[in-house]
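Asker:
In full-length UniProt numbering, the protein residues as written are 1 to 251.
1) Given a cut-off of 7 Å, decide if residue 163 and residue 97 are closer than it, judged by their beta-carbon atoms.
2) Could you give the first and the last residue of the continuous alpha helix (DSSP H) run that contains residue 84?
3) Given this structure, state the Cα-to-Cα distance separating residue 111 from residue 147, to the nearest angstrom.
4) Please state the DSSP three-state secondary structure of residue 40.
5) Is the segment 36-43 close to the segment 132-144, with three or more CB pairs under 8 Å?
6) Rounded to the nearest angstrom, what separates residue 181 and residue 81 at their Cα positions?
7) If we count the other Cβ atoms within 10 Å of its Cβ and call it buried at 16 or more, is residue 246 buried or exposed?
8) Is residue 200 close to chain D? Criterion is C-beta to C-beta, closer than 7 Å.
9) When the Cα atoms are used, what is the spatial distance from residue 124 to residue 244?
10) By Cβ distance below 8 Å, which residues in the same chain neighbour residue 29 in space, the five residues on each side in sequence not counted?
11) May I ask which residues mark the beginning and end of the beta strand (DSSP E) holding residue 197?
12) Work out the CA separation of residue 218 and residue 1 for me, nearest whole Å.
13) Please state if the CB of residue 74 and the CB of residue 20 are separated by a distance shorter than 7 Å.
14) For residue 97, which three-state DSSP category applies?
15) The alpha helix (DSSP H) spanning residue 24 covers which residue range?
16) For residue 236 versus residue 79, is the C-beta distance shorter than 7 Å?
17) Who are the near neighbours of residue 100 in its chain, counting only those whose CB is closer than 8 Å to its CB and skipping five residues on each side?
Below, the structure written as structure tokens:
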């Protein structure tokens with residue numbers, strides 16, 4: 001948002017508008033200070049019981065947020081919506097992350113630790129994640145792949161996304177990297193791209209084994225796999241698990 005934000009130190013009433021950052025706050029030992037989360041904040045399991053649910057990531061319940069009297073709201077440029085963020089920023093300290101690469105996520109972890117008084121814990125976590133990816137050596141050459149996030153219409157993760165940055169680390173070359181963000185594509189475009197591997201993410205669309213045949217019919221020679229979307233798109237503390245998951249995808 002290109003503005004300075006004054007935050008009480010340390011903040012004691014935090015509202016988190018992003019699932020992966022909610023989990024990060026808990027893993028930094030800040031669970032008791034998190035007073036508001038979204039309905040999509042499923043990790044840790046207790047988050048939605050311990051804190052007030054303030055709506056979704058793109059439809060905030062402003063009255064509930066006001067009742068919580070937050071001294072810090074943490075969101076994300078992509079996952080939240082500009083109009084809602086601007087309305088909140090008029091009344092509360094709002095800090096937004098903007099994540100496109102793994103390095104962005106590590107910097108976000110460090111920044112969240114700094115502004116919440118958990119600098120050392122955040123540095124330890126970021127170092128652990130960075131080390132796990134440094135030791136990750138995907139097979140070469142990278143297998144060409146398409147990463148699907150939605151069905152009807154088909155949508156893929158393309159260039160300029162966090163998923164696109166992680167795919168090579170997982171051993172895959174994104175066949176749609178020349179497109180921007182999360183474009184809709186047709187079955188004909190998929191067939192023409194001829195990926196060796198089709199990755200069907202478990203989120204946001206809940207792809208499952210029942211969908212494999214649909215994609216196999218479009219690309220008969222491709223390997224179609226269901227993958228854990230959290231490992232490719234959650235950019236907080238869940239990244240501790242991602243490198244091991246990627247290694248298992250390409251043993």
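The beta carbon of each residue, even a glycine, is placed where N, CA and C say it ideally should be.
Answerer: For this structure:
1) Position 97 of the chain shown, counting from 1, holds the residue named residue 97. Position 163 of the chain shown, counting from 1, holds the residue named residue 163. No, the Cβ-Cβ distance between residue 97 and residue 163 is not below 7 Å.
2) Your numbering for residue 84 matches position 84 in the chain shown. Counting along the chain, the alpha helix (DSSP H) containing residue 84 begins and ends at 82-89.
3) Indexing the chain shown from 1 puts residue 111 at position 111. Indexing the chain shown from 1 puts residue 147 at position 147. For residue 111 and residue 147, the distance between alpha carbons rounds to 30 Å.
4) Translated into positions along the chain shown, residue 40 becomes position 40. Residue 40 falls in the coil class under three-state DSSP.
5) no
6) To locate residue 181, count along the chain shown from 1; it is residue 181. To locate residue 81, count along the chain shown from 1; it is residue 81. Cα to Cα, the separation comes out at about 16 Å.
7) As a position in the chain shown, residue 246 is number 246, starting the count at 1. A residue is called buried once 16 or more other Cβ atoms fall within 10 Å of its Cβ, and residue 246 is buried on that count.
8) Absent here is chain D; the protein component of the structure consists of one chain.
9) Looking up residue 124 in the chain shown gives position 124. Looking up residue 244 in the chain shown gives position 244. Spanning the two alpha carbons is a distance of roughly 18 Å.
10) Taking the chain shown and counting its residues from 1, one reaches residue 29 at position 29. Within the same chain, residue 29 has close Cβ partners 118 and 121.
11) Start at 1 with the first residue of the chain shown, and residue 197 comes out as number 197. Per DSSP, residue 197 belongs to the beta strand (DSSP E) from 197-201.
12) Numbered from 1 along the chain shown, position 1 holds the residue referred to as residue 1. Numbered from 1 along the chain shown, position 218 holds the residue referred to as residue 218. Reliability of the predicted coordinates at residue 1 is poor, the pLDDT of 49 falling under 50, and no value is obtained from them.
13) The count along the chain shown starts at 1 and reaches residue 20 at position 20. The count along the chain shown starts at 1 and reaches residue 74 at position 74. Contact: no.
14) Taking the chain shown and counting its residues from 1, one reaches residue 97 at position 97. Here residue 97 sits in strand by DSSP.
15) Taking the chain shown and counting its residues from 1, the one referred to as residue 24 is at position 24. Its alpha helix (DSSP H) spans residues 19-27.
16) Residue mapping note: residue 236 aligns to position 236 of the chain shown, counting from 1. Residue mapping note: residue 79 aligns to position 79 of the chain shown, counting from 1. In this structure, residue 79 does not lie closer than 7 Å to residue 236 by Cβ.
17) Sequence index remark: in the chain shown, residue 100 carries index 100 (1-based). The residues are 160, 161, 162 and 165.
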